[in-house]
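A.B. asks: Before we start, here is the structure in question, set down as structure tokens.
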Amino acid sequence: MALPFEGTTETILLVEDHSALLKLVKQILEDANFTVIPASSVKEAVQLEADYPGTIDLLLSDVRMKNVSGPNLAKRLKERRPQMRVMLMSGYPGGALLVLNYGWYYIEKPFIPSVLVSKIKDVLRGETREQAADRFDTLKEPRRSFRRLSLDLHRPTLLRARRGA
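When we follow this note's numbering, the leftmost residue of the sequence shown carries the number 1466, and every step to the right adds one.
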């Protein structure tokens, strides 16, 4: 299941307590050429992070796990690795609200593999939430423009533009 993305050198600490999902997301990320450190529990994630000698570029963690939440894990690991970025994932409604308090990124489960990889690449290239929102608003703008234009799709010419529409 190779995805059409350029190779990367970034390392992701993946924390997911559902083994099937952990395996699937690990495969998606490895197919996109990320180095993945998989952990099936918070305890394992803390140990792997402590033992890992290199840079961990991103923590990708489930929000709800046994004993410790994803946000609490992220706060703990960010104390030791402040440069590490954080993206949380959840299948429960309202997960994004938890993330807003910390400025971390969020993706809702289930997700499309290419969307996950694309979002991770956005996070890793340093795009702030404000920049992402601006980019999203820019993408929405042409839709607004189309409300004001009539186009002939068979010939790429403008037929009419209404004023004030």
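We treat Cβ as the ideally placed atom computed from N, Cα and C, and that holds for glycine.
Let's test the definition: count the other Cβ atoms within 10 Å of the Cβ of R1550 and tell me whether it reaches 16, buried, or not, exposed.
C.D. replies: With 16 or more other Cβ atoms within 10 Å, it is buried.
A.B. asks: With DSSP as the reference, identify every bridge partner of T1476, one or two as the case may be.
C.D. replies: BP columns for T1476 point to T1500.
A.B. asks: Among residues of its own chain, excluding the 5 on either side of L1513, which ones have a beta-carbon nearer than 6 Å to its beta-carbon?
C.D. replies: For L1513, where only same-chain residues beyond five positions count, the Cβ hits under 6 Å are I1502, A1504.
A.B. asks: Taking all protein chains shown into account, do 16 or more other C-beta atoms lie within 10 angstroms of the C-beta of G1535, making it buried, or fewer, making it exposed?
C.D. replies: Under this definition G1535 is a buried residue.
A.B. asks: Return the first residue and the last residue of the alpha helix (DSSP H) that D1516 is part of.
C.D. replies: 1507 to 1516 is the extent of the alpha helix (DSSP H) around D1516.
A.B. asks: In three-state DSSP terms, what is V1588?
C.D. replies: Of the three classes helix, strand and coil, the one that applies to V1588 here is helix, per DSSP.
A.B. asks: With a 10 Å radius around its C-beta and 16 neighbouring C-beta atoms as the bar for buried, classify V1528 as buried or exposed.
C.D. replies: Per the 10 Å Cβ criterion, buried.
A.B. asks: Relative to the C-alpha of Y1517, which residue among E1481, T1476, P1575 is closest?
C.D. replies: For the residues E1481, T1476, P1575, the minimum Cα distance to Y1517 belongs to T1476.
A.B. asks: Measure the C-alpha to C-alpha separation of Q1492 and A1515 and round it to an integer number of angstroms.
C.D. replies: Looking at the two C-alpha atoms, the distance is approximately 23 Å.
A.B. asks: With a 10 Å radius around its C-beta and 16 neighbouring C-beta atoms as the bar for buried, classify V1580 as buried or exposed.
C.D. replies: Its Cβ having fewer than 16 others within 10 Å, V1580 is exposed.
A.B. asks: With DSSP as the reference, label R1546 as helix, strand or coil.
C.D. replies: Note: R1546 maps to coil in three-state DSSP.
A.B. asks: Going by DSSP, what residues sit across from D1527 in a beta bridge?
C.D. replies: DSSP, once it has assigned bridges, lists M1554 as partnering D1527.
A.B. asks: Starting from I1572, trace the beta strand (DSSP E) in both directions and tell me its first and last residue.
C.D. replies: Note, I1572: beta strand (DSSP E), 1570 to 1573.
A.B. asks: So what does DSSP say about I1493, is it helix, strand or coil?
C.D. replies: Helix, per DSSP.
A.B. asks: Determine the DSSP secondary structure at S1534, reduced to helix, strand or coil.
C.D. replies: DSSP places S1534 in coil when its eight states are reduced to three.
A.B. asks: Pull up the CB-CB distance for M1552 and V1588, whole angstroms please, since I reckon it's below 8 Å.
C.D. replies: Yes, they are in contact, since the Cβ atoms of M1552 and V1588 sit about 6 Å apart, within 8 Å.
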